[in-house]
Each structure stands twice: as C-alpha cells, then as structure tokens.
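J.: The opening residue of the sequence shown carries number 53 in this note's numbering; numbering runs sequentially from there. For each residue, glycine too, the CB sits at the ideal point set by N, CA and C. This structure is in structure tokens; I'll ask about it shortly.
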Amino acid sequence: MLSNNTIKFIKSLDKKKFRTEHNCFIVEGEKMVLELLQSNKFKIKEVFTTDSTLQSNYINQKISLIAEKELNRISSLKTPNKHLALVEIPKSEPTTDYFFSDLSLVLDNIQDPGNFGTIIRTASWFGIKTIYCSRDTVEAYNTKVIQSTMGAIFNINIIYTELIPLLQKAKNDKVSIYGTLLKGENIYNAELSKKALVIMGNESKGVSKELEKYIDKAILIPNFPENTRNIESLNVGVACAIVCSEFRRRALSINNY
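In structure tokens:
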C-alpha cells in the first residue's frame with residue numbers, strides 16, 4: 053500500500069519546481085512505460101503497476117505492485133493505464149564541445165508543450181538524435197510534453213544550452229545553419245546540407261533577431277497557391293515535420309551532396 057507521503061511526493065511532480073528539486077519526472081501509461089523500460093537511456097527510480105507480470109519481466113528494475121484505486125490517486129491522466137514510473141532527469145549540459153555529425157534541431161523559445169512533443173516525435177521519426185533548446189524553451193519533462201511524445205523522447209538527446217555559443221561553434225566547424233523565416237527561400241528550391249542545424253522559432257515571434265545573424269540560409273515552406281493571402285504561418289510542429297521530411301528526402305539522393 054502506498055503511504056500518504058509517497059502519494060504526496062508523486063503528485064508534487066506535476067509542478068516544475070518539485071521536478072527540479074527532486075531531479076525526477078513522471079512517465080504514465082502502458083505503452084509509454086514499456087517504451088521506457090526497453091530504452092536503457094534513462095535511469096528509472098521506481099515503477100508502480102497494477103500488472104503483476106511486470107515484475108517478472110523486468111527483474112532488474114524496482115517495480116511495486118499497487119491496487120487500481122492507488123494508481124488512480126497518483127495518476128494525472130483522466131483514464132490511468134496500468135503503469136506509472138518515476139524517472140531521473142538526465143543531465144542536459146554537454147560535457148565536451150558540441151559535436152555535429154548529422155541533422156540537428158535548434159529550438160528558440162518554443163512554449164507550447166504539445167508543439168514540443170510533436171517536434172520530439174518528428175525528430176525521432178526522421179532519425180534526428182539531438183535537439184538543442186534555448187533556456188526559455190518549455191521544459192522537456194513537463195508531463196504534457198512527455199505524454200505527447202508517445203515515447204519518442206526516450207530516443208532523443210535533449211540539451212538545454214545558450215544558443216549563441218552553440219551557433220558560433222557550428223560556424224567554426226563549417227556546419228550549415230538554417231532558419232525558418234517568412235523571408236526565406238522556398239525550401240523545395242533551396243540547397244540543403246546533410247550535416248546541418250535547423251532553427252525553429254517561437255510560435256508567435258519566430259526566430260529571435262539575435263540568432264538570425266548566424267543563419268547561413270533562411271528557408272520558407274511556401275503556401276499554395278504560392279504568395280496568396282492565407283493564414284499567417286504554419287504551426288511550428290507541422291512546419292518542423294515538413295522541414296525534416298525535405299532534408300531527409302534530399303539525403304536519400306546522394307548526388308545532391
């Protein structure tokens with residue numbers, strides 16, 4: 053049986069203040085927790101489950117069997133589903149110089165948890181291993197972000213850092229820097245590099261002015277028919293998916309590089 057202190061502790065992790073204080077976040081649901089258990093990327097502190105078979109399947113993990121009513125008390129989901137895990141927040145600061153070997157994303161002040169979750173899922177789908185985030189980007193271990201990634205977060209390195217030193221290092225290493233701007237070149241006509249950083253800007257303000265000067269090539273997703281009056285811009289999560297798709301499509305044509 054869960055103690056009141058344990059229940060209180062788990063519920064407190066809904067707030068960033070306590071996630072930071074305890075260096076811990078929550079993963080919920082059968083699919084999400086199973087993805088977590090199979091990833092070996094995160095350190096799991098404890099799993100609470102209503103499924104008695106889970107303990108025998110993962111004998112190296114600390115797994116506690118609880119009643120369904122107890123799961124209902126600690127869950128933040130409207131319909132709790134079998135498992136809830138407490139997970140250690142990994143260190144996000146790089147311990148050495150930034151290393152650029154492929155396509156990576158740079159998020160400049162993304163604020164909506166759903167958008168961030170979509171971007172993480174997109175990155176995972178297209179085999180992008182690293183997402184660099186400005187300090188003011190929404191926290192990756194926000195419960196809404198975690199749930200919206202559908203487990204993709206367990207495949208991605210998420211690094212919160214100062215973006216200007218990152219971009220300066222990329223320039224020194226001859227890594228191409230792209231930015232999504234309304235004044236950019238049509239992405240379907242632009243030359244795209246295989247090894248690159250792509251900056252995705254804030255939902256309402258776009259890429260910040262201080263970062264724009266580091267962009268080697270501004271790119272734009274054209275509307276249809278082109279140059280007709282339409283909505284102001286695409287949702288950043290949708291835009292990220294289109295950009296990643298085009299970069300990877302080009303990568304399949306070796307002669308383009």
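For F168, which residues from the same chain have a beta carbon less than 6 Å from its beta carbon, with the 5 sequence-adjacent residues on both sides left out?
T.: Mapped onto the sequence shown, residue 168 falls at position 116. I162, V190 and V197, listed in sequence order.
J.: Is the beta carbon of L263 sitting closer than 7 Å to the one on G236?
T.: Translated into the one-based positions of the sequence shown, residue 263 becomes position 211. Translated into the one-based positions of the sequence shown, residue 236 becomes position 184. In this structure, G236 does not lie closer than 7 Å to L263 by Cβ.
J.: Using DSSP with H/G/I as helix, E/B as strand and the rest coil, what is A204?
T.: Mapped onto the sequence shown, residue 204 falls at position 152. Helix at A204.
J.: For the alpha helix (DSSP H) that N224 lies in, which residues bound it at each end?
T.: What you label residue 224 is simply residue 172 of the sequence shown in a count that begins at 1. Residues L215 to N224.
J.: Please classify R173: is it buried, with 16 or more other beta-carbons within 10 angstroms of its beta-carbon, or exposed?
T.: Numbered from 1 along the sequence shown, position 121 holds the residue referred to as residue 173. Classification for R173: buried.
J.: When you compare only the Cα positions, how much space is there between Q220 and S186?
T.: Here residue 220 is taken as the residue at index 168 of the sequence shown, counted from 1. Here residue 186 is taken as the residue at index 134 of the sequence shown, counted from 1. Their Cα atoms are separated by approximately 14 Å.
J.: Measure the C-alpha to C-alpha separation of T147 and R300 and round it to an integer number of angstroms.
T.: Indexing the sequence shown from 1 puts residue 147 at position 95. Indexing the sequence shown from 1 puts residue 300 at position 248. Caution applies to T147, whose pLDDT of 44 falls short of 50 and renders its modelled position unreliable; the model cannot decide the point.
J.: Could you spell out where the alpha helix (DSSP H) holding N57 opens and where it closes?
T.: By one-based count along the sequence shown, residue 57 stands at place 5. Run containing N57: N56 to S64, per the alpha helix (DSSP H) assignment.
J.: Since L234 sits in a beta bridge, which residues does DSSP pair it with?
T.: Reading the sequence shown from its first residue, position 182 is the one you call residue 234. Bridge partners of L234: none, in fact.
J.: Would DSSP call V227 helix, strand or coil?
T.: As a first step, residue 227 must be located in the sequence shown, where it is residue number 175. Looking at V227 - three-state DSSP - the assignment turns out to be coil, as it is neither helix nor strand.
J.: Measuring straight from C-alpha to C-alpha, what distance separates K83 and I251?
T.: Mapped onto the sequence shown, residue 83 falls at position 31. Mapped onto the sequence shown, residue 251 falls at position 199. As the crow flies, the alpha-carbon of K83 is around 31 Å from that of I251.
J.: Could you tell me if the beta carbon of L88 falls within a distance shorter than 6 Å of some heavy atom in the ligand SAH?
T.: With respect to the ligand SAH, the structure offers nothing, as it holds no ligand at all.
J.: Report all residues from its chain with a CB closer than 8 Å to the CB of K247; omit the five preceding and five following residues, and keep chain order.
T.: The count along the sequence shown starts at 1 and reaches residue 247 at position 195. Hits under 8 Å: F152, S153, D154, L155, V227 and S228.
J.: Compare the beta carbon distance of L123 and T102 with 7 Å and say whether it is the shorter of the two.
T.: Residue numbering aside, residue 123 sits at position 71 when the sequence shown is read from its first letter. Residue numbering aside, residue 102 sits at position 50 when the sequence shown is read from its first letter. Yes. Within cutoff.
J.: What's the C-alpha gap between S285 and P274?
T.: Within the sequence shown, the letter at position 233 stands for residue 285. Within the sequence shown, the letter at position 222 stands for residue 274. The alpha-carbon atoms of S285 and P274 are separated by roughly 10 Å.
J.: Going by CA-CA distance only, name the one from L88, K121, N112 and K68 that's closest to L54.
T.: Along the sequence shown, one-based indexing puts residue 54 at 2. The option with the nearest alpha carbon to L54 is K121.
J.: Let me know if I210 comes out buried or exposed under the rule of 16 or more other beta-carbons within 10 Å of its beta-carbon.
T.: Mapped onto the sequence shown, residue 210 falls at position 158. Burial call: buried.
J.: Does DSSP put L272 in a helix, a strand or coil?
T.: As a working mapping, residue 272 is identified with position 220 in the sequence shown. L272: strand per DSSP, three-state reduction.
J.: Using a threshold of 7 Å, state whether the C-beta atoms of Y193 and V158 are closer than that.
T.: Taking the first residue of the sequence shown as 1, we reach residue 193 at position 141. Taking the first residue of the sequence shown as 1, we reach residue 158 at position 106. Taking 7 Å as the Cβ cut-off, Y193 and V158 do not qualify as a contacting pair.
J.: Hey, quick one: how far does the alpha helix (DSSP H) through K265 stretch, first residue to last?
T.: Taking the sequence shown and counting its residues from 1, the one referred to as residue 265 is at position 213. Counting along the chain, K265 falls outside any alpha helix (DSSP H), and DSSP gives it neither H nor E.
J.: What is the rounded straight-line gap between the Cα of I115 and the Cα of S104?
T.: Taking the first residue of the sequence shown as position 1, residue 115 is located at position 63. Taking the first residue of the sequence shown as position 1, residue 104 is located at position 52. So the two alpha carbons sit approximately 10 Å from each other.
J.: Can you give me the C-alpha to C-alpha distance between N56 and I294, rounded to a whole angstrom?
T.: Position 4 of the sequence shown, counting from 1, holds the residue named residue 56. Position 242 of the sequence shown, counting from 1, holds the residue named residue 294. Roughly 47 Å between the two C-alpha positions.
J.: Using only the alpha-carbon positions, how far apart do L88 and K143 sit?
T.: Numbered from its first residue, the sequence shown carries residue 88 at position 36. Numbered from its first residue, the sequence shown carries residue 143 at position 91. Each residue's Cα considered, the two are about 17 Å apart.
J.: What residue does the beta strand (DSSP E) around I211 start on, and which one ends it?
T.: What you label residue 211 is simply residue 159 of the sequence shown in a count that begins at 1. Looking at the DSSP string, the run of the beta strand (DSSP E) that includes I211 is N209 to Y212.
J.: Quick check: what's the CA-CA separation for E255 versus S108?
T.: Translated into the one-based positions of the sequence shown, residue 255 becomes position 203. Translated into the one-based positions of the sequence shown, residue 108 becomes position 56. The alpha-carbon atoms of E255 and S108 are separated by roughly 45 Å.
J.: Cutting at 8 Å between CB atoms, please list the residues of its own chain near F94, excluding the five before and the five after it.
T.: Your numbering for residue 94 matches position 42 in the sequence shown. So the qualifying residues of the chain are L88, V139, E140, P142 and F206.
J.: Do I216 and S176 have their beta-carbon atoms positioned less than 7 Å apart in this structure?
T.: The count along the sequence shown starts at 1 and reaches residue 176 at position 124. The count along the sequence shown starts at 1 and reaches residue 216 at position 164. Their beta carbons are not under 7 Å apart, which means S176 does not touch I216 by this criterion.
J.: Helix, strand or coil for R300? Go by DSSP, reduced to three states.
T.: Taking the first residue of the sequence shown as position 1, residue 300 is located at position 248. Helix at R300.
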